[in-house]
Amino acid sequence: MGDRPTGKLAFLSEPENVEIREYEVPEPEPGAVLTEVEQANVCGSELHIWRGHHPQVKEGVLGHEVLCRVSELGEGVETDYAGEPIGEGDLVAPAYYITCQRCSSCQEGQFNLCQNAYENWSKSPEEPPHFHGTFATHYFIHPDQYFYKVPEGLDPSIAAGANCALSQMLFGLDKIGIEYDDTVVVQGAGGLGLNTIAIAQERGAETIVIEGIDGRIDRAREFGVDHVIDFREYGTVDDRAERVRELTDGVGADVGVEVAGVPDAFSEGIHLLRDGGRYLEIGNISPGQTTEFDPGSLTRSALTIESIVRYQPWYLKRALRFLERNVDKYPYEDLIDAEFDLTDVDDALAESDSRGVTRAALTPNH
Ligand SMILES: [Zn+2]
Ligand SMILES: [Zn+2]
Numbered sequence: 002m003g004d005r006p007t008g009k010l011a012f013l014s015e016p017e018n019v020e021i022r023e024y025e026v027p028e029p030e031p032g033a034v035l036t037e038v039e040q041a042n043v044c045g046s047e048l049h050i051w052r053g054h055h056p057q058v059k060e061g062v063l064g065h066e067v068l069c070r071v072s073e074l075g076e077g078v079e080t081d082y083a084g085e086p087i088g089e090g091d092l093v094a095p096a097y098y099i100t101c102q103r104c105s106s107c108q109e110g111q112f113n114l115c116q117n118a119y120e121n122w123s124k125s126p127e128e129p130p131h132f133h134g135t136f137a138t139h140y141f142i143h144p145d146q147y148f149y150k151v152p153e154g155l156d157p158s159i160a161a162g163a164n165c166a167l168s169q170m171l172f173g174l175d176k177i178g179i180e181y182d183d184t185v186v187v188q189g190a191g192g193l194g195l196n197t198i199a200i201a202q203e204r205g206a207e208t209i210v211i212e213g214i215d216g217r218i219d220r221a222r223e224f225g226v227d228h229v230i231d232f233r234e235y236g237t238v239d240d241r242a243e244r245v246r247e248l249t250d251g252v253g254a255d256v257g258v259e260v261a262g263v264p265d266a267f268s269e270g271i272h273l274l275r276d277g278g279r280y281l282e283i284g285n286i287s288p289g290q291t292t293e294f295d296p297g298s299l300t301r302s303a304l305t306i307e308s309i310v311r312y313q314p315w316y317l318k319r320a321l322r323f324l325e326r327n328v329d330k331y332p333y334e335d336l337i338d339a340e341f342d343l344t345d346v347d348d349a350l351a352e353s354d355s356r357g358v359t360r361a362a363l364t365p366n367h
């Protein structure tokens, strides 16, 4: 004891109250990996937690979107979860949740629904190994936590976003099944929406985005979206549904994707689709918020609705490959528009919350 390094972390003790704490960094147990945080991004769902809106996580060490550098391997760890040899100094992207392999969801192979997924999120930082979240100088990857080596040459600041929005959208869009020449209407052009646009285009789909904030519309255009419906111009559900029909030979979109995170967007979504269309609900993540809904229209149009939370962990590997292949095609490097030191985590959260910055990054070891 005593010759272990110390590190700092950002602990949320109550809503909107973050404390920086310092702990000795413990040795990784067998099967675990100790890392240094290269970059941790402030994701929209982090803001939910920070405000106290997350149904399960009320306090704990903040942060989940991350890129890490391996500093110590626990006994028995020789490869990542795709069998790639791993060593000290390698950059890795971890899934931000645990797959315990033992709960009823894991028994069904639904690792994204693991009932112990958030086990470490709410833990007190007093409890070893202390570094339970990624808003910290160090991060512990646990024995049941998937992680993948980052492809050589992929810019770390781009790879840092892979373990959340991109993995989730790759998983979600597989579930809803985007086919070549489908028309996909995307409600919202935040991080999830931009990834949806990129993935849908890579699958040969035509894309329509509904958005009302200039900066986000600009980003969607930079990501190559085919059509924009500005809801300042198309002010009602009927206007927007009519516009979608105009853009789709009068029939409506094949696929709708809700990534606006607003309950009313869900009610609206079913009016944007063709008969037999498919709808993916992802953006609304806070239970207890309601919307008026028209089930008769759903039935008359015979729509399929899917919803997903998190992603099967191997989608993270696919996300890294997606970035590797498409990094020159889509302006992923522009998504992070502000960098903060760990000690300025309050500013990073507040400025993200007020949408003064699109995506903030913490770079605690730079
Ligand atoms: Zn996230
Ligand atoms: Zn489980």
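Residue numbers (the numbering used here): 2 to 367. From the three backbone atoms N, C-alpha and C, an ideal C-beta is built for every residue, glycine too.
- When rounded, the separation of the alpha-carbon atoms in His54 and Leu304 is 30 Å.
- About 37 Å separates the CB atoms of Gln40 and Thr291; that is not less than 8 Å, and the two are not in contact.
- Residue state for Asn113 is assigned as helix, using DSSP reduced to three classes.
- The C-beta separation of Gly192 from Ala166 comes to about 4 Å, placing the pair in contact by the 8 Å criterion.
- Secondary structure of Leu281 (DSSP, three-state): strand.
- Rounded to the nearest angstrom, the Cβ distance from Ala206 to Val187 is 10 Å, too far for a contact under 8 Å.
- In this structure Gly225 is in contact with Ile198, their Cβ atoms being roughly 7 Å apart against a cut-off of 8 Å.
- Of all C-beta pairs linking the stretch 306–316 to the stretch 110–121, three or more are shorter than 8 Å, placing the two stretches in contact.
- Take the alpha-carbon of Asp175 and the one of Pro6: they are about 43 Å apart.
- As DSSP reads the structure, Phe294 sits in no beta bridge.
- Proximity of the stretch 74–84 to the stretch 40–51 falls short of the contact definition, fewer than three beta-carbon pairs being nearer than 8 Å.
- According to the DSSP secondary-structure assignment, Leu343 is paired through a beta bridge with no residue.
- With at least 16 other beta carbons inside 10 angstroms of its own, Gly61 counts as buried.
- It is roughly 15 Å from the alpha-carbon of Ile142 to the alpha-carbon of Leu63.
- Secondary structure of Leu274 (DSSP, three-state): strand.
- In its chain, beyond the 5 residues on either side, Gly75, Gly77, Val78 and Pro144 have a beta carbon closer than 7 Å to the beta carbon of Gly32.
- At least 9 Å separates the beta-carbon of Arg241 from that of Gly257.
- Glu23 counts as exposed, since fewer than 16 other beta carbons sit within 10 angstroms of its beta carbon.
- The beta strand (DSSP E) runs of length 3 or more contained entirely in the stretch 128–158 are, from start to end of the chain, 139–142 and 148–150.
- 9 Å or more divides the Cβ of Glu66 from the Cβ of Tyr98.
- The residue from Glu203, Tyr119 and Gly357 with its alpha-carbon nearest to that of Lys330 is Glu203.
- Proximity of the beta carbon of Ser46 to ligand 1 is indicated: a heavy atom of the ligand is located closer than 8 Å.
- Distance from the Cα of Arg356 is smallest, within the candidate group Glu259, His133, Arg217 and Ala94, for Arg217.
- Judged by their CB atoms, Leu273 and Ile309 are not nearer to each other than the 9 Å cut-off.
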